[in-house]
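Below is one structure, written out as C-alpha cells, with a few remarks after it.
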Amino acid sequence: MNLQSELNKSSLFSNLELLANQVVEGFISGIHRSPFHGFSAEFAEHKIYNNGESTKHIDWKLFAKTDKLYTKRYQEETNLRCHMILDNSASMYYPQVDNLRMDSLNKIGYSVLAIAALMNVLKRQRDAVGLSIYSDAYNYYAPEKGSERHFQMLLAQLSAVGMAKNPPKETKTYTYLHQIAENIKRRSLIFLFTDMFQTEKNDDELFEALRHLKYNKHDVVLFHPMDKQRELFFNFENTPKRFVDVETGEHLDLYADNIKEAYNERITAYLSDIKLKCAQYKIKYVDIDIHRDFSTVLNTFLVERNKFL
C-alpha cells in the first residue's frame, strides 16, 4: 500500500499522528547514526552502588558474577521540557489551500505538522512537551507533560487548528507572548512558530515580548514560516491584481512587477532587522520555506536539544 497516497485521500490533519511519524521516520533514515536514543535506553557504564540509592538499575547479572553491587548508567538521563507556541492568526493561513497535502501546505499547515513531528521525537525521548496557541485570544494552553494521554490531547488540538475554516483575523503577539512567558515556570526549550505579521505594537515592543520568553533561562527558537516565492520574492503574474490584508481588510490594486524590486528591498531589510534583534536577545532565528521539507526544523531541534541539556 502506498501510505502517502492513502493519506492524501482523506483530510490531512485527521491523520496527524501518522503523518508526523512518517516525517520523522523519513528524516531519521537520512541520518548516518540516529541520535534518537530512548530515555535511559543506551548503556554507558557501570558505577558502584551506594547505600540509599534506588535499586532499579542494579545489574543483577554482574552481581551474580562478582558478588558486588553495580548500577547501570545511561547516555541519556535528563528529561527535556519543551514548549511549543503557535501563531494561529489569519495571516498564517496564507496561501489559501483548498485541500492541504504534504506537497501543498500553507504556513499554518506546515507549522502544525512540524510541531507534531517535534512532539513525535519528544515522545520517543520521553521528554515533556507543552503547547500554547494564540491569535486575537489566548486560544489554548497546556503545561509540559510526557504522558501518552497528554500527547494525544495536544495532537487533537493541533488537528483542530489544521482543519479550521475561519481563522481569527487579528494577531496579538505582544499581549499573549507575555502571558505565555508567565505560564512557563520551569526552564524549558521554547519553539515559536509565527510569520511575525502583527499590528498590535511596534517592532521594539514586540521584541520585548520575545525577550520575556528568555525569562527563567529558557532557550528560545523562532521558526519563521514563509511562502518565499510570494512573500519574499513577490513572484506573481504581472496582471492587475488586488492584494488584500487578511487581518485588516485593507487592499491595494497594482501590477506585481511595478513594485517587486521595492517590495523585496523592504522585506529583506525587515527580515535583517528581525535576525539582528534575535541575535541581540540570544534567540535562535530560523527562516523556513513552507515548500521545502522538514529537515531544517528537525535538524535545528537536534542541535538546540544537545545545547540545552
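Numbering (full-length UniProt numbering), first residue to last: 1 to 309.
C-beta atoms are modelled at their ideal positions from N, C-alpha and C, and glycine is treated no differently.
Values in this document were obtained by computation on a predicted structure and should not be read as measured data.
Checklist entry - Name the DSSP beta bridge partners of H251, please? => result V244
Checklist entry - Short check: CB of L100 to CB of G146, under 8 angstroms? => result no
Checklist entry - What number of angstroms, rounded off, separates the C-alpha of Q198 from the C-alpha of H57? => result 52 angstroms
Checklist entry - Should N258 go down as buried or exposed, given a rule of 16 or more other Cβ atoms within 10 Å for buried? => result exposed
Next on the checklist: Using a Cβ-Cβ cutoff of less than 8 angstroms, which residues in the same chain neighbour F151 once the five nearest sequence positions on both sides are dropped?
Outcome noted: M119, K123, V129
Checklist entry - Using 8 angstroms as the Cβ pair cut-off and three pairs as the minimum, do the segment 284-298 and the segment 98-114 touch? => result yes
Checklist entry - Once you ignore the five residues that flank D103 on each side, which residues in its own chain have a CB closer than 7 angstroms to its CB? => result none
Checklist entry - CA-CA distance, G249 and L309? => result 45 angstroms
Checklist entry - Is R81 near R186, with beta carbons less than 8 angstroms apart? => result yes
Next on the checklist: Between E17, E144, L86, which has its C-alpha nearest N79's C-alpha?
Outcome noted: E144
Next on the checklist: If contacts are defined as beta-carbon pairs under 8 angstroms, then F233 and A256 qualify, I think. What distance do you get, rounded to the angstrom?
Outcome noted: At roughly 10 angstroms, the Cβ-Cβ gap does not stay under 8 angstroms, so F233 and A256 are not in contact.
Item to check | Within the segment 170-255, ranges of the alpha helix (DSSP H) (whole runs, at least 4 residues) | outcome: 173-183, 203-212
Item to check | 3 or more residues per run - each beta strand (DSSP E) lying fully within the segment 119-155 | outcome: 128-134, 138-145
Next on the checklist: In this structure, how does DSSP classify D257 when only helix, strand and coil are distinguished?
Outcome noted: helix
Item to check | Contact belief for T173 with D227 at Cβ below 8 angstroms, rounded distance in angstroms | outcome: Contact flag wrong, Cβ pair sits at about 19 angstroms.
Checklist entry - What does a CB cutoff of less than 7 angstroms around I48 pick up in its chain, not counting 5 residues either side in sequence? => result Y70
Item to check | Residue environment, H251, which counts as buried when at least 16 other CB atoms sit within 10 Å | outcome: exposed
Next on the checklist: So the candidates are L276, S89, E231; which of them puts its Cα closest to the Cα of A262?
Outcome noted: E231
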